[in-house]
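Enquirer: Numbering (our numbering), first residue to last: 149 to 578.
Every residue gets a Cβ at the ideal spot worked out from N, C-alpha and C, and that includes glycine.
If you're wondering where the values come from, they're calculated on a predicted model, not measured in any experiment.
One structure is given below, represented as C-alpha cells, and several questions about it will come after.
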Ligand code: IMP
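Structural data, given as C-alpha cells:
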C-alpha cells in the first residue's frame, strides 16, 4: 500500500480507529502527528476493549513500528499508562514504539490551566476535554514549552519546569481566581521516575520516518480529532488547538509532502459533535436520540453524550478541499438500519441565500439553515453484507447519493459494524 494520511472529515469521532486498524494491516510504520490525549481511539481485540489516547492504535499488530510525532502534545503519564496496559495484555512495545524528542509536553499545570480557563469563560465555554491541550500548544507557540527531549537533561528540565510552574500558579490564582492545588515537589518527584522510563522511547522520529520511506516501508499517518476542529479552518473558536488537516502530517512528523500518496477522509454517514459550537444539521429530537443510542455516541475520552444530526455534504465538500481527499471511508452505515426516512443536507441557506459552500466563520455558520433531500430507509440488518451488491438497493442508493454530493470521491471502504470483518472493501489503495 502507498503512504497514506487518515483524517476525520467532520468534528472527530468518525470511527477512525476501525479504518486505522484496516489500513495498519497493510502498513509498516504508524505515526500520530497532532493532538494529544484528547483523542480516544477505541480498539477491540480478543474480547478486550482498549482506548488509546496517545499510543497509535497500530501497536496491536506485533510487527508494526509506531511513532508519536513532534506535532503531538505529549502527556507522559497517559502514555506510560497505555504502555503498562499493553504489557499487562502481553503486547510488547520494546524497540517499536518511539516518541519524538521535539514533541511538547503536557504537564499537570496545563490541565489545571485548561480547567481554570474553561471555568472562567461562562457562556463562551469551548467544552474542552480538560486534557491540557490548548495551554500546552499555547506554551509551544509562546516558546516557553518543555519538550520530550528536555527530559534527557534533568537539571535543565527542573529549572525550566520551576519557572513555568510559578508562572502558571500566578496565572491560575491571580487572573483566573481559581484554586491551585499542585505541589511542585510531588510533580518533580513523580517526573523523575517518569523520566527514567521515558528515555528509551525518545528518538529523532522524523529521521526514522524518512529512513523508513527510503527503505520502501509503508507509512500510515494517523490523524486525530477532525477537519472542523482544525485551529485555522475549523469552527473557531470551538475547535481544538492543533491543525487537524492532512497537510499537517508533514511538519507534525518531520518529513516532506512528496512522501504522501493518499489522503483518506473518514466520514460517518451522519454527523456528530462533542463540545460547543454551531452544528447546522443537529437533531434535538427523537431521531437525534435514536442516532446517539444506536451509534453509541458517547465520547471515548470524556464519556459526554455526542450531539447528533444528519449527514452534511457541505462539510464534506469543504473537507475535500482542505485535505485533498483521494478516498472516502464511510462508517457506521448500520446505525441507520431502522430509520424510515433519512435526510442528507445538500446545501445551506444563509440570510435567505442558497450556498453550497461552507462559510469561513461561525457568524454565518450559526445562521445556516440546512436544506435536505430525503431518502427512504432500507429497514433491515446489513451486518452480513460482504460487497456493495449485497446491500439493499436503498442503502446503496444512499451511499451513491452521498458520494455524488461529495465530488464523486472514490470510496475506500464502507463500514457496516464494529467488527473487522464488517467492512466492505470498495476501491482499495494500490
Ligand atoms: P480540546 O482539544 O480538549 O482543547 O477541546 C476542544 C474541542 O475539541 C472540544 O469541543 C472537544 O470536545 C473537541 N475535541 C477534542 N478532541 C476530540 C476528539 O478526539 N473527538 C471529538 N472532539 C474532540
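Pull up the distance between the alpha-carbon of residue 184 and that of residue 222, whole angstroms please.
Expert: Taking the straight line from one Cα to the other gives about 6 Å.
Enquirer: Can residue 164 and residue 154 be called in contact, C-beta distance under 8 Å?
Expert: Yes; because the gap between Cβ atoms is below 8 Å, this pair is in contact.
Enquirer: Which two residues bound the contiguous alpha helix (DSSP H) that contains residue 361?
Expert: Segment 353-362, the alpha helix (DSSP H) holding residue 361.
Enquirer: Output needed for residue 247: all residues of its chain with C-beta closer than 8 Å, excluding positions within five of it in sequence on either side, in chain order.
Expert: Correct list, in chain order: 215, 216, 222, 227, 296, 346, 349, 350, 351 and 353.
Enquirer: Exposed or buried, residue 175, counting other C-beta atoms within 10 Å across all chains shown (16 or more means buried)?
Expert: Label assigned to residue 175: buried.
Enquirer: Can you tell me whether residue 456 is buried or exposed? The criterion is at least 16 other CB atoms within 10 Å of its CB, across all chains shown.
Expert: Buried.
Enquirer: Taking 8 Å as the threshold (C-beta atoms), are residue 471 and residue 413 in contact?
Expert: Result yes, Cβ atoms of residue 413 and residue 471 sit closer than 8 Å.
Enquirer: Cβ-heavy atom distance between residue 161 and the ligand IMP below 7 Å?
Expert: Yes; taking the cut-off as 7 Å, the Cβ of residue 161 has a heavy atom of the ligand IMP nearer than that.
Enquirer: Considering only DSSP beta bridges, list what residue 368 is partnered with.
Expert: Residue 368 is bridged to 152 and 178.
Enquirer: Evaluate contact between the stretch 235-254 and the stretch 296-307, counting only Cβ atoms and requiring at least three cross-stretch pairs below 8 Å.
Expert: Because the criterion of three Cβ pairs below 8 Å is met, the stretch 235-254 and the stretch 296-307 touch.
Enquirer: For residue 528, count the other beta carbons within 10 Å of its own beta carbon; 16 or more makes it buried, fewer makes it exposed. Which is it?
Expert: Result: exposed.
Enquirer: Let me confirm a value: residue 194 is counted as buried when at least 16 other C-beta atoms fall within 10 Å, else exposed. Which label applies?
Expert: Exposed, since its Cβ has fewer than 16 Cβ neighbours within 10 Å.
Enquirer: Where does residue 441 land, buried or exposed, given buried means 16+ other C-beta within 10 angstroms?
Expert: The residue is exposed, with fewer than 16 neighbouring Cβ atoms inside 10 Å.
Enquirer: Using the Cα positions of residue 158 and residue 424, report the straight-line distance between them to the nearest angstrom.
Expert: Between residue 158 and residue 424, the C-alpha separation is close to 14 Å.
Enquirer: Check whether the Cβ of residue 446 lies closer than 7 Å to any heavy atom of the ligand IMP, and answer yes or no.
Expert: No, the Cβ of residue 446 stays beyond 7 Å of every heavy atom of the ligand IMP.
Enquirer: Fully enclosed by the stretch 213-237, which beta strand (DSSP E) runs are 3 residues long or longer?
Expert: Complete beta strand (DSSP E) runs here, min 3: 213-216.
Enquirer: Verify the contact flag: residue 427, CB atom, against every heavy atom of the ligand IMP, threshold strictly below 7 Å.
Expert: No; taking the cut-off as 7 Å, the Cβ of residue 427 has no heavy atom of the ligand IMP nearer than that.
Enquirer: Would the beta-carbon of residue 506 fall within 8 Å of that of residue 574?
Expert: No, they are not a contact pair.
Enquirer: Which of the three DSSP states is assigned to residue 482 in this structure?
Expert: Helix.
Enquirer: Counting only the same chain and skipping the five closest in sequence on each side, list residues whose C-beta sits under 7 Å from that of residue 543.
Expert: 481, 526 and 530, listed in sequence order.
Enquirer: Just to check, is the beta-carbon of residue 186 closer than 7 Å to a non-hydrogen atom of the ligand IMP?
Expert: The answer is yes for residue 186.
Enquirer: How many whole angstroms separate the CB atoms of residue 418 and residue 458, which I take to be in contact at a CB cut-off of 8 Å?
Expert: Sure, about 6 Å apart at Cβ, within 8 Å.
Enquirer: Hey, is residue 449's beta-carbon within less than 8 Å of any beta-carbon in chain B?
Expert: Given the protein chain composition of this structure (a single chain), no chain B is represented.
Enquirer: Taking just the CA atoms, how far does residue 224 sit from residue 231?
Expert: So the two alpha carbons sit approximately 10 Å from each other.
Enquirer: Give the secondary structure of residue 258 by DSSP, where H, G and I count as helix, E and B as strand, and everything else as coil.
Expert: Three-state result, residue 258: helix.
Enquirer: Measuring CA to CA, which of 251, 172 and 219 is closest to residue 213?
Expert: Measuring from the Cα of residue 213, the nearest candidate turns out to be 172.
Enquirer: Which residues share a DSSP beta bridge with residue 523?
Expert: 490, per the DSSP bridge assignment.
Enquirer: Start and end of the alpha helix (DSSP H) containing residue 270?
Expert: That residue, residue 270, is in no alpha helix (DSSP H); it is neither H nor E in DSSP.
Enquirer: Would you mind working out which of 537, 498 and 552 sits nearest residue 511, comparing C-alpha positions?
Expert: Of the candidates 537, 498 and 552, the one whose C-alpha sits nearest the C-alpha of residue 511 is 498.
Enquirer: Within the same chain, show all residues whose beta-carbon is closer than 6 Å to that of residue 436, passing over the 5 residues directly before and after it, in chain order.
Expert: Only 456 meet the Cβ criterion.
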